[in-house]
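Residue numbering for the sequence shown follows this note's numbering, beginning at 2 and increasing consecutively. Cβ atoms here follow ideal geometry from the backbone N, Cα and C, with glycine treated the same way. I have placed the structure first, in the form of structure tokens, so that the comments after it can refer back to it.
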Amino acid sequence: MFRSVLLLSALALPTALFTLNPVLAAQDEAPCTSLVVMYCNSCHSSKRICKGLKVKDASSWKKTITTMAEYGDIDQATQQQVLECLSNKKADDPAICPQ
């Protein structure tokens, strides 16, 4: 009996960690997705932002975010968070560009 429980535990732990990994990755994406939805999608479609992901680097995003922040009255700390989010994403990233 004890061996069965031990074997079951040994098999269950790696399975649980493997299963939770996508959940943990999705949680990491949630703040970025929330920022884009709140501060970018309120005026722009996801398509426009996804086009930007294909061509803009961090410097270009900084200029864009600074300009947009004037319209949206976005504080400096939030601007930095949005910049980090967008400058670290690849084109067609599912967290920003839903299919």
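Would DSSP call Q100 helix, strand or coil?
DSSP places Q100 in coil when its eight states are reduced to three.
Do L54 and D93 come within 9 Å of each other at the CB atom, strictly closer than that value?
yes
Taking the C-alpha atoms as reference points, what is the distance between D74 and V56?
25 Å
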